[in-house]
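Chemist:
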Amino acid sequence: MLRWLRGFVLPTAACQDDEDYFNYGILFQDLDRNGDGVVDIIELREGLKNWSSTFGMHSEKDIFKAGDTNDDSKLDFKEFLQYLKDHEKKMRLAFNSLDKNNDGLLVTLLSRDLI
Ligand SMILES: [Ca+2]
Ligand SMILES: [Ca+2]
-7 MLRWLRGFVL PTAACQDDED YFNYGILFQD LDRNGDGVVD IIELREGLKN WSSTFGMHSE
53 KDIFKAGDTN DDSKLDFKEF LQYLKDHEKK MRLAFNSLDK NNDGLLVTLL SRDLI
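For the sequence shown, the numbering used here assigns the number -7 to the initial residue and increments by one for each residue that follows.
What follows is the structure, given as structure tokens:
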């Protein structure tokens, strides 16, 4: 559970695309519980229990409606990435509100919540 938390670092303003991509990859892998390379609505609903703040409290249906551009009821990584890019500003705000000490890490806060 804490594996991806440790790796989840808030991208900085001057950030490198590679790092963003890496972090989104970690998030996607966490959502994709059965590892089939796509996130279905059940996995997304489960994931949102952990990530609802990150996604700005959007419901899984809203995210699917916005993110599932080819309407196959699955989010592949490309669609997921596009959704995150489109909502990046809002997500950064969510991160910032979670990241109380502004060190760019959510680990401390999330770890505390999990204990
Ligand atoms: Ca899956
Ligand atoms: Ca799709």
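We put the beta carbon where it would ideally sit given N, CA and C, even for glycine.
Write down every uninterrupted run of the beta strand (DSSP E) in the region 25 to 69 whose length is 3 residues or greater and which is fully enclosed by it, in chain order.
Modeler: Whole beta strand (DSSP E) segments, 3+ residues: 30 to 32, 66 to 68.
Chemist: Quick check on this structure: which residue in Val31, His50, Phe69 has the alpha carbon closest to the alpha carbon of Gly17?
Modeler: Phe69
Chemist: When the Cα of Thr111 is compared with those of His50, Glu52, Gln74, His79, which residue comes out closest?
Modeler: One cannot answer for residue 111 here, as it falls past the ends of the chain, which runs -7 to 107.
Chemist: What do you get for Gly59, buried or exposed, if any count of 16 or more other CB atoms within 10 angstroms of its CB means buried?
Modeler: A residue is called buried when at least 16 other Cβ atoms come within 10 angstroms of its Cβ; Gly59 meets this threshold and is buried.
Chemist: How should Ile34 be labelled, buried or exposed, when 16 other C-beta atoms within 10 angstroms of its C-beta is the threshold for buried?
Modeler: exposed
Chemist: Which residues count as close to ligand 2 when the rule is a CB under 6 Å from any of its heavy atoms, in chain order?
Modeler: Asp60, Asn62, Asp64, Lys66, Leu67, Asp68, Glu71
Chemist: So Leu36 and Leu76 are supposed to be a Cβ contact under 8 Å. How far apart are they, rounded?
Modeler: 13 Å between Cβ atoms; not a contact.
Chemist: Would Ser65 and Asp32 be called neighbours here (beta carbons separated by less than 8 Å)?
Modeler: yes
Chemist: Buried or exposed for Gly39, going by 16 or more other Cβ atoms inside 10 Å?
Modeler: buried
Chemist: Can you say whether Thr100 is buried or exposed, counting buried as having 16 or more other CB atoms within 10 angstroms of its CB?
Modeler: Note that Thr100 scores 41 on pLDDT, short of 50, meaning its location in the model is unreliable; the coordinates nonetheless yield the value given after this. Label assigned to Thr100: exposed.
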